[in-house]
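Visitor:
Protein chains: 2
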Amino acid sequence: MDNSQRLEKAKEFYSKHRRFPSYAEMLKLFGLVSKNAIYKIVQKWVEEGLVAKINRKLSPTPKLFSLPLLGFVKAGFPAAADEELDFLSLEDYLVAHPESSFLLKVRSDSLNGIGILPGDLVVVEKRTQASAGDVVLARIDSEWTLKILQKEKEKAVLVSANPIYPPFYPQEELQIFGIVKGVARKL
Amino acid sequence: MDNSQRLEKAKEFYSKHRRFPSYAEMLKLFGLVSKNAIYKIVQKWVEEGLVAKINRKLSPTPKLFSLPLLGFVKAGFPAAADEELDFLSLEDYLVAHPESSFLLKVRSDSLNGIGILPGDLVVVEKRTQASAGDVVLARIDSEWTLKILQKEKEKAVLVSANPIYPPFYPQEELQIFGIVKGVARKL
DNA sequence: TATTTTAGTAAACATTCGTTCACCTTGTCA
DNA sequence: TGACAAGGTGAACGAATGTTTACTAAAATA
C-alpha cells in the first residue's frame, strides 16, 4: 500500500466518521505497527498541503473534502495535477446559512423555464421578505408552492416559468416562507 | 448563552475547522471554566442524537452537517421539529465517487433544454465509456464540450438540448472524457 | 417555605494523544 | 562496493484528552 492509497483510506474514514483518524486508528487502517511511521506519513501530507495541523490536531484541507473546479475547458485537458486549481465544497457553495435553510424536492413543472425541473432539490432559506425576481416558497390558497415573485405597480404577483400556468394575484397579504437560493440535480 | 447557541458555536467551529472542538476548546468557545460543564453539555447532545461519541471521540451527526429534507410541502407547514425528517448532505447527494469527479462551470446555453444553464456547476465523473442518453464531456474538433450522447443505427451522435445547435456526427472514434452526474446552481 | 433539580466550579484520574530518539532493514545510486 | 536516503519498528516522553467525584449556587418545583 503506497502513500496515496493511505490518503484514500484516511479520506474514506473522514467521510464516514466526519473526523480525521487518530494516529492509533491510522495504524490499524494502514496495517502498520509503529506510531512513528504514521507521524512521518502525516508530516508529508502536511508539507504537501493535503492535511492541516493546528497545535497537534489534524484536519483535512479543501483538497480532501471538496472537488477540483476546472474553470474552463481547454485543449490539453485534463489539467495537470500541478496546476493551480480551486477546490469547492458543493455544500458551502449552495448553502450560505445552514441554520435557516432546508431542502425541498420539486414536484411541479411550473419553473421549467428557469431550469428548475421536477425531481430537483432546491435549497430554501427561511425568510418572510423577498424582492422582485426571487424564487419564493409562498402560500397560495392554503397550499405552499414555488413561484417567481414580481411586482406590478407596487403590488406583488406570483408568476410561473411555464406558460401553461397563469400568474397569481394575491388578494390579501402575501405569505412568504422562504426564498430559493440553490438548485441541486442528480442525473 | 443557552445550550442551542452553544451547539451553534460548535457547528461554526466544525464548518470552519472541519473537526469537532475538543473539551478545552469548547471551554473557550462557550466562556466556561470547568471541563465537567462541557462533559455534561456534550452528554446531552449525545443523548439527543446530535453528536456521536465513539470511544471517547466526538463527531457530528447528519443533523449537524447536513440539511433537513422536507419531502413534501403541506398545510401546517413548517413541519414540527419532532417529525421524522431526512437529513441530506448535498455533497454526498451529488457526488458518488469524489476520487474521480470534478466540477466544471457551464459556459454555453447548448443544454438549456434539459435545465443546464450557463453559470451552472456540473459534477463530472471521469469515464471513457457512456450510454445513450448520458450527458457527456466529449472532444469535438479539438475542443471539449458538453453534449447529450445518442445512438443512431449503432453510431454515436452528440446532440444539444437547444434547437439552434446542430447535432454532431463524429467521423472517427469519439473521445469521451467524463459523464455529467449532477448539476448545482446558486441563485 | 422546603426540597429537589439544574448548571456550574474545582481538583484528581487514568488513558490517549502526538512527538522524539535510537535503531534496523531495504533499495538506490554514485 | 560503499554511502545514503527512505521507510519502517520499538520504547519512552510530556502534554492533552475525556472522565469521575465532590462540592456549590441558583433555579425550578412541590
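One line per chain: the protein sequences are A and B, in this order.
Position 49, counted from 1, in the first sequence is what the working numbering calls 53; the numbers after and before it change by one each time, with no gaps.
Position 123, counted from 1, in the second sequence is what the working numbering calls 127; the numbers after and before it change by one each time, with no gaps.
Glycine included, each C-beta is placed from N, C-alpha and C at the ideal position.
According to DSSP, is Val128 (chain B) helix, strand or coil?
Guide: strand
Visitor: Counting contacts by CB-CB distance shorter than 7 Å, is Arg60 (chain B) in contact with chain A?
Guide: no
Visitor: What did DSSP end up calling Pro42 (chain B) once you bin it into helix, strand or coil?
Guide: This sequence places Ile at residue 42 (chain B); Pro is not what is there. If DSSP states are grouped into helix, strand and coil, Ile42 (chain B) belongs with the helices.
Visitor: I need the straight-line Cα distance from Ala79 (chain B) to Glu52 (chain A), nearest angstrom please.
Guide: Since pLDDT at Ala79 (chain B) reaches only 44, below the 50 mark, its modelled position is unreliable, and the value read off the structure follows with that caveat. Each residue's alpha carbon lies about 53 Å from the other.
Visitor: According to DSSP, which residues form a beta bridge with Ser143 (chain B)?
Guide: First, the residue type needs correcting, since residue 143 (chain B) is Arg and not Ser in the sequence shown. Paired residue(s): B:Trp148.
Visitor: Cβ atoms of Val110 (chain B) and Ile120 (chain B): under 7 Å apart, would you say?
Guide: yes
Visitor: Mind reading off the beta-carbon distance from Leu68 (chain B) to Leu107 (chain A)? Whole number of angstroms is fine, and I expect it under 8 Å.
Guide: Actually they are not in contact, since the Cβ atoms of Leu68 (chain B) and Leu107 (chain A) sit about 15 Å apart, beyond 8 Å.
Visitor: Between which two residues does the beta strand (DSSP E) harbouring Ala100 (chain B) extend?
Guide: Looking at the DSSP string, Ala100 (chain B) is not in any beta strand (DSSP E), and its letter there is neither H nor E.
Visitor: Would Gly137 (chain A) pass as an interface residue toward chain B - the criterion being a Cβ-Cβ separation below 7 Å?
Guide: False, the Cβ-Cβ gap to chain B never drops below 7 Å.
Visitor: Closer than 7 Å, CB to CB, is Ala134 (chain B) near chain A or not?
Guide: no
Visitor: Examine chain A for any beta-carbon lying closer than 7 Å to the beta-carbon of Ala188 (chain B), and answer yes or no.
Guide: yes
Visitor: Does DSSP classify Phe69 (chain B) as helix, strand or coil?
Guide: Residue state, collapsed to three classes: helix.
Visitor: At a CB-CB cut-off below 7 Å, which residues of chain A make contact with Val163 (chain B)?
Guide: At a beta-carbon threshold of 7 Å, none of the residues of chain A lie near Val163 (chain B); the nearest stands roughly 16 Å away.
Visitor: Using 10 angstroms around the beta-carbon of Ala84 (chain B), count the other beta-carbons present and answer buried if the total reaches 16, otherwise exposed.
Guide: Low confidence applies here, because Ala84 (chain B) scores a pLDDT of 41, under 50, leaving its location unreliable; read the following figure in that light. Per the 10 Å Cβ criterion, exposed.
Visitor: State the Cα-Cα distance for the pair Ser38 (chain B) and Lys130 (chain A), rounded to the nearest angstrom.
Guide: 37 Å
Visitor: Can you check whether the C-beta of Leu121 (chain A) is within less than 7 Å of a C-beta belonging to chain B?
Guide: yes
Visitor: Three-state secondary structure (DSSP) at Ala165 (chain B)?
Guide: coil
Visitor: Given a limit of 7 Å on CB to CB distance, which residues of the stretch 9–42 of chain A reach chain B?
Guide: Within the stretch 9–42 of chain A, the residues whose Cβ lies closer than 7 Å to any Cβ of chain B are, in chain order, Glu12, His21, Arg22, Arg23 and Phe24.
Visitor: Only counting the same chain, and skipping five residues up and downstream in sequence, which positions put a Cβ closer than 8 Å to that of Asp124 (chain A)?
Guide: Lys109, Val110, Val187, Ala188 and Arg189
Visitor: By alpha-carbon positions, which one of A:Asn166, A:Glu158, A:Glu156 and A:Lys159 ends up nearest to Leu150 (chain A)?
Guide: A:Asn166
Visitor: Roughly how far, in whole angstroms, is the beta-carbon of Val163 (chain B) from the beta-carbon of Pro171 (chain B), given that I think they are within contact range, below 8 Å?
Guide: 4 Å
Visitor: Are the beta-carbon atoms belonging to Ser114 (chain B) and Tyr169 (chain B) less than 7 Å from one another?
Guide: yes
Visitor: When you compare each of A:Ser104, A:Glu103 and A:Pro122 to Ser112 (chain A) by their alpha carbons, which one comes out closest?
Guide: A:Pro122
Visitor: According to DSSP, is Arg60 (chain A) helix, strand or coil?
Guide: In the displayed model, Arg60 (chain A) falls within coil according to three-state DSSP, outside both helix and strand.
Visitor: Within the 7 Å Cβ cut-off, does Ser114 (chain B) reach chain A?
Guide: no
Visitor: Using a beta-carbon distance cut-off of less than 7 Å, what residues from the stretch 89–108 of chain B approach chain A?
Guide: Leu92, Ser93, Leu94, Glu95, Tyr97, Leu98, Val99, Pro102, Glu103, Ser105, Phe106, Leu107 and Leu108
Visitor: When DSSP labels each residue in this structure, what does Ile183 (chain A) get in the three-state scheme?
Guide: strand
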